[in-house]
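Chains as they are written, first to last, in this note's numbering: chain D, 148 to 371; chain Z, 5 to 118.
Glycine included, every Cβ here is placed at the ideal spot set by N, Cα and C.
Here the structure is a predicted model, which is why all the values come from computation and not from measurement.
These notes are about the structure you will find just below.
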Ligand SMILES: Nc1nc2c(ncn2[C@@H]2O[C@H](COP(=O)(O)OP(=O)(O)OP(=O)(O)O)[C@@H](O)[C@H]2O)c(=O)[nH]1
Ligand SMILES: [Mg+2]
Ligand SMILES: [Zn+2]
């Protein structure tokens, strides 16, 4: 009988994915494509916010969207109606996208002439935070009804996001959502996080968000 | 499902290890999981058994899970304490300015194989 060997691996489960993500990020950088990974709980307003952003930016940037719902194409249809390139990714029941799935999705989108690709990740605050997709930056949406203490409950998500959009500000009067506390909690997890309070419904705050995103894309392309 | 994705990542990593080391049959895999890593050990084992049947390298292999304690540090008083027992508020001084030192790990520790 062959001898059984014991091999020490001592490697994070995420190490492989992290390496694939880093390679994808480099590649996108050299092609001048900015990939924004947008994450949130279900229903916090990702699709509505995207529709607003596209409306503001589509004459200035070539935009593509990848929708990663577990099992429907409703969001992809909504986005396609705005006139930008949109595709539906199938996660095969998985609760997150990893770098390999993101790469596959990008190939399907054929992003040759695009400046900005936005990935609407699966609605979930746990799993997507653990898997680097290869995005240029991570952004999450927290909506007012979810409460200002979310950053305390989902620390990793807030740690990996450099930008936090606080959506549904129009309904703030009906909830005990405290924006100052929320800002403090977010900065406990990531002192550099940028925060944009918006209402995707009324459009309030969307211009500031769009201006930031456009500047990011231009910087990303310019550093080549 | 979260655990299934993790199982696939572990197997993909070990495919490469097997290639590099000329292994043909993995018998057991030991993972280290932090107490607050959000991964459920029992689910992981269920997923492992399901996935192992589909990949010859892992056929009949066992997944072993070791738990690592979670520890939080308090910037308020400088002490460390057990995260699972006390959460994010320091049991010594009541401060909320605390952060996790360890307990979030998800590591492949070792494998046995032929
Ligand atoms: N009042 C208010 N409602 C909003 C706002 N943004 C989105 N909504 C509503 O919230 C609901 C969910 O919005 P979506 O944009 O579909 O949210 P989502 O995050 O894409 O949802 P999933 O893809 O299902 O996770 C819809 O009924 C929107 O009309 C807002 O700023 N204010
Ligand atoms: Mg949506
Ligand atoms: Zn303390």
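Is residue i buried or exposed, if buried means 16 or more other CB atoms sit within 10 Å of its CB?
i, result
"residue 103 (chain Z)", "exposed"
"residue 279 (chain D)", "buried"
"residue 251 (chain D)", "exposed"
"residue 193 (chain D)", "buried"
"residue 214 (chain D)", "buried"
"residue 302 (chain D)", "buried"
"residue 297 (chain D)", "buried"
"residue 321 (chain D)", "exposed"
"residue 350 (chain D)", "exposed"
"residue 285 (chain D)", "buried"
"residue 54 (chain Z)", "exposed"
Considering only the beta carbon of each residue, do residue i and residue j sit closer than 9 Å?
i, j, result
"residue 267 (chain D)", "residue 325 (chain D)", "no"
"residue 113 (chain Z)", "residue 157 (chain D)", "yes"
"residue 101 (chain Z)", "residue 75 (chain Z)", "no"
"residue 316 (chain D)", "residue 270 (chain D)", "no"
"residue 307 (chain D)", "residue 111 (chain Z)", "no"
"residue 333 (chain D)", "residue 305 (chain D)", "yes"
"residue 253 (chain D)", "residue 171 (chain D)", "yes"
"residue 210 (chain D)", "residue 262 (chain D)", "yes"
"residue 183 (chain D)", "residue 175 (chain D)", "no"
Of the residues the options, which one's Cα is nearest the Cα of residue i?
i, options, result
"residue 50 (chain Z)", "Z:11, Z:79, Z:106", "Z:11"
"residue 98 (chain Z)", "Z:74, Z:6, Z:80", "Z:80"
"residue 63 (chain Z)", "Z:8, Z:117, Z:40", "Z:117"
"residue 108 (chain Z)", "Z:101, Z:96, Z:70", "Z:70"
"residue 277 (chain D)", "D:164, D:227, D:309", "D:164"
"residue 27 (chain Z)", "Z:60, Z:67, Z:95, Z:83", "Z:60"
"residue 232 (chain D)", "D:258, D:347, D:358", "D:258"
"residue 185 (chain D)", "D:195, D:297, D:207, D:287", "D:287"
"residue 39 (chain Z)", "Z:72, Z:9, Z:23", "Z:72"
"residue 195 (chain D)", "D:208, D:229, D:166, D:328", "D:229"
"residue 358 (chain D)", "D:154, D:150, D:202, D:336", "D:202"
Check the C-beta distance from residue i over to residue j and give it rounded, since I have them as a contact under 8 Å.
i, j, result
"residue 313 (chain D)", "residue 344 (chain D)", "5 Å"
"residue 289 (chain D)", "residue 177 (chain D)", "With 8 Å as the limit, residue 289 (chain D) and residue 177 (chain D) do not qualify as a contact, their Cβ atoms being about 33 Å apart."
Handout entry: Segments assigned beta strand (DSSP E), at least 3 residues, entirely inside the segment 268 to 296 of chain D
Key = 284 to 290
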